[in-house]
């Protein structure tokens with residue numbers, strides 16, 4: 087007996103109550119901000135062919151340009167190169183040996199780690215024998231995945247448009263290719279971000295990483311650190327000399343140059359700030375040294391003596407403040423400090439160009455300008471001030487990458503944050519700007535959405551509690567909903583766990599935004615299979631929401647629908663129906679019969695009716711829901727696709743197989759086009775279509791049975807890769823694959839899978855869930871066909887007892903199991 091999985095629905099807007107996510111398995115998650123409802127539309131994705139021709143060499147990512155007067159640091163480079171040539175455990179590349187290791191460049195901020203890594207990347211880029219160079223901003227997992235996914239398409243690996251799947255495809259390509267490659271992982275901020283994403287050890291390729299961390303996890307598995315220190319005195323003097331000479335001002339180098347370099351701690355970042363200032367202001371080393379010495383006294387009021395344990399931040403902070411003084415005085419005057427404050431709050435690896443043209447940014451700069459006070463700042467002036475900050479070496483501004491237009495050194499950002507007098511305001515303006523450019527189709531895997539997620543992650547870290555004044559900023563909720571819609575359920579669970587914890591601590595348990603965050607946390611838990619945890623949260627959210635907002639408030643209705651969905655997922659269908667019938671009644675009265683949430687509630691109720699065998703009642707509701715949803719939302723809206731898929735499921739259960747197949751084939755086509763072929767909803771749609779194929783005798787007669795098996799096998803492969811081996815959807819897919827094996831006579835293969843599925847599903851869903859009973863019954867059927875009569879009877883008798891007790895004698899599953907047990911007794915297989 088096969089069992090299907092209803093797909094999760096999409097995100098909808100509820101006026102006055104934020105965003106709601108309707109799930110086809112009975113859940114409706116509350117989201118968004120109560121003051122900022124969000125409407126989501128769908129943009130189609132394009133499936134990329136893996137057969138495309140590749141023009142070698144391939145370069146992916148933006149390798150930083152080597153700084154003016156870049157110091158070759160010959161001793162260090164010789165050490166690295168010599169280690170590679172020796173083939174020892176610190177070799178970066180060693181084509182002739184199979185033992186590959188990864189070199190991690192570790193050191194304090196501002197010592198030139200990324201520049202040294204960039205030298206190796208440029209050297210590889212200039213080498214015609216190096217087929218592939220990939221530069222990855224490794225500060226967030228979203229950036230890593232997005233870059234890998236882009237690389238997959240460039241090298242001709244199999245890609246689908248799903249970022250996670252494409253990224254894994256790229257790693258598989260690295261594992262199998264004979265081409266020469268280099269991957270640079272720049273600025274690892276958390277070793278956990280690389281879990282499962284570190285490039286493979288291969289004779290033909292090597293990986294170079296930079297980090298300020300000293301985490302043992304980064305030195306494991308053949309990865310060893312090389313400590314990167316500051317410049318030598320000779321390198322510092324050479325840097326200043328070359329930098330100012332190339333700028334046409336060699337006369338600025340005087341007999342105090344060495345003393346200045348020593349005062350700056352020979353720190354490359356501080357030297358770059360100083361050289362840029364000297365160039366712009368035509369000041370000699372002696373003049374700048376005097377200015378710097380005064381600046382150290384100023385710093386005492388801004389930066390406590392114990393705030394810089396690695397001693398690198400203090401010189402950078404002084405040179406930063408001096409550079410800001412200079413930039414603020416240059417045209418467009420009075421804007422540099424405020425602009426750098428915003429840049430310092432966001433992702434150092436790259437901020438989208440569109441962000442800097444938003445009204446949030448221009449209004450902020452207008453309020454904080456120190457020259458021409460009150461005069462509106464234009465987008466053109468914002469671009470000019472970014473170029474000004476670039477000239478003073480405070481940021482890197484480039485127009486070559488629209489989603490990483492502005493970059494800022496992490497230590498510069500930290501120093502700027504240390505000096506901000508209104509960190510909370512800068513944080514909220516940065517959040518406003520991110521929200522302003524957030525696309526409606528954030529379920530799609532794009533460089534922009536990956537950059538936005540990365541910037542929100544960094545903003546949460548840099549702003550800490552400042553995004554919660556006076557309450558949670560809507561961008562926190564928008565990002566979480568985007569992760570859920572994109573099918574990144576594990577990342578969504580992590581995000582909502584943090585947001586819910588912050589809301590609970592800072593806003594209190596009964597604040598509306600706390601209730602919203604907890605509801606979405608429960609929804610993400612349900613998506614990753616933690617249904618029991620979801621129920622605990624949802625029961626409390628229902629209680630709190632009813633008390634705070636009243637029993638008929640929109641958020642109360644959503645919370646009750648969420649709880650019903652979780653009840654249904656663990657087999658408490660009767661409890662779910664009681665809730666859902668009341669939710670339908672209340673929603674129709676409050677919102678009207680064709681409101682989006684009314685349609686969701688009616689569809690969820692139909693699903694519960696179907697689960698207890700009330701198929702005719704379910705079909706009556708589902709046919710009307712399909713009609714209304716197509717009229718209200720359009721034929722390709724996510725909720726329309728789900729409604730049609732659920733109706734097809736009901737048709738299949740009453741024997742209307744051809745009707746089901748017609749619908750499901752179109753749903754698969756539309757869902758692949760709208761969400762991509764590896765989105766969880768697409769996998770569900772394909773699995774349901776395969777289930778209908780099995781029930782169609784005409785399909786068998788057409789000889790396409792092997793095609794159905796192929797569909798099931800691919801669904802299993804995709805769900806395991808995307809959702810994990812014990813996600814409920816994966817267990818469902820594997821159970822259906824085993825059933826198909828059994829029906830074509832591959833009994834031993836079916837038993838192997840079914841025994842594993844029974845163990846997994848009992849652990850994940852519990853021993854009394856309807857799907858648990860189904861897979862145990864299927865295992866018994868396989869035992870029977872394999873001649874293990876005693877084992878089959880034992881399991882079937884247990885399943886009949888449990889099904890009658892839990893669901894009643896009239897439930898369709900109960901009748902099916904009783905019929906199967908009777909058939910066993912009457913027609914035992916040949917001994």
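In my numbering, the protein residues as written are 87 to 917. The beta carbon of each residue, even a glycine, is placed where N, CA and C say it ideally should be. These figures come from a predicted structure and were not determined experimentally.
* To do: State the Cα-Cα distance for the pair residue 429 and residue 319, rounded to the nearest angstrom.
  => 32 angstroms
* Residue from 717, 692, 487 whose Cα sits closest to the Cα of residue 733 -> 692
* To do: Return helix, strand or coil for residue 339, following the three-state DSSP convention.
  => coil
* Asked: Taking buried to mean at least 16 other C-beta atoms within 10 Å of its own C-beta, is residue 571 buried or exposed?
  -> buried
* Check the DSSP bridge columns for residue 437 and list the partner residues they point to. => 492
* To do: Pull up the DSSP beta-bridge partners for residue 483, would you.
  => 492
* To do: Would you mind sorting residue 337 into buried or exposed? The rule is 16 or more other CB atoms within 10 Å of its CB.
  => exposed
* Neighbourhood of residue 377 by C-beta distance below 8 angstroms, restricted to the same chain and skipping five residues each side -> 369, 408
* To do: Confirm, please, whether the CB-CB distance from residue 142 to residue 217 is below 7 angstroms.
  => yes
* Asked: Which runs of the alpha helix (DSSP H) spanning at least 4 residues fall entirely within the segment 794-837, listed in chain order?
  -> 814-829
* Buried or exposed: where does residue 526 fall if 16 or more other Cβ atoms within 10 Å of its Cβ makes it buried? -> exposed
* Asked: So, helix, strand or coil for residue 554, using DSSP?
  -> helix
* To do: Along the beta strand (DSSP E) that carries residue 630, what are the first and last residues, could you check?
  => It is not in any beta strand (DSSP E) - residue 630 instead sits in the alpha helix (DSSP H) that spans 617-635.
* Asked: Closest to residue 467 by CA distance: which of 416, 501, 493 is it?
  -> 416
* **Buried versus exposed call for residue 679 [16 or more other C-beta atoms within 10 Å across all chains shown]** => exposed
* When DSSP labels each residue in this structure, what does residue 271 get in the three-state scheme? -> strand
* Asked: Within the chosen definition, does the segment 862-881 reach the segment 827-842 through at least 3 CB pairs nearer than 8 angstroms?
  -> yes
* Does the Cβ of residue 505 lie closer than 6 angstroms to at least one heavy atom of the ligand ZN? -> This structure lacks the ligand ZN, and indeed carries no ligand of any kind.
* Can you give the Cα-Cα distance for residue 126 and residue 664, rounded to whole angstroms? -> Caution applies to residue 126, whose pLDDT of 22 falls short of 50 and renders its modelled position unreliable; the value that the coordinates give is listed next. Distance between the alpha carbons of residue 126 and residue 664 is about 30 angstroms.
* **Paired residues, beta bridge with residue 223 - DSSP** => 272
* What residues in its chain sit with their C-beta under 6 angstroms from that of residue 885, if we drop five residues either side in the sequence? -> 859, 862, 863, 903
* Asked: For the segment 648-657 against the segment 605-621, are there 3 or more C-beta pairs whose distance is under 8 angstroms?
  -> yes
* Report back the beta-carbon spacing between residue 646 and residue 617 to the nearest angstrom; my notes put them in contact at under 8 angstroms. => No, residue 646 and residue 617 are not in contact; Cβ-Cβ is about 17 angstroms, not under 8 angstroms.
* **Closest Cα partner of residue 577 within the set 543, 593, 452, 523** => 543
* Asked: Helix, strand or coil for residue 886 per DSSP?
  -> helix
* Asked: With a CB to CB cut of under 8 angstroms and the five nearest residues on each side skipped, what residues in its chain are close to residue 597?
  -> 557, 589
* **residue 340 beta carbon less than 7 angstroms from that of residue 379** => no
* To do: Could you check the C-alpha separation between residue 805 and residue 763 for me, to the nearest Å?
  => 11 angstroms
* Since residue 731 is in the alpha helix (DSSP H), which residue starts that stretch and which ends it? -> 724-739
* Check each candidate in 292, 480, 514 and name the one with the smallest Cα separation from residue 494. => 480
* Quick one, are the C-beta atoms of residue 219 and residue 268 less than 7 angstroms apart? -> yes
* Asked: Which of helix, strand or coil does DSSP assign to residue 292?
  -> strand
* Take residue 632 and list the residues in its own chain whose beta-carbon comes closer than 7 angstroms to its own, dropping the five residues that flank it on each side. => 642
* Just mark residue 112 as buried or exposed, buried being the case when its beta carbon has 16 or more other beta carbons within 10 Å. => Because residue 112 sits at a pLDDT of 32, beneath the cut-off of 50, its placement in the model cannot be relied upon, and the following sentence gives the value as read from the coordinates. When all chains shown are included, residue 112 counts as buried.
* Going by DSSP, name the residue or residues bridged to residue 218. => 144, 267
* If you draw a straight line from the alpha carbon of residue 158 to that of residue 538, how long is it in whole angstroms? -> 35 angstroms
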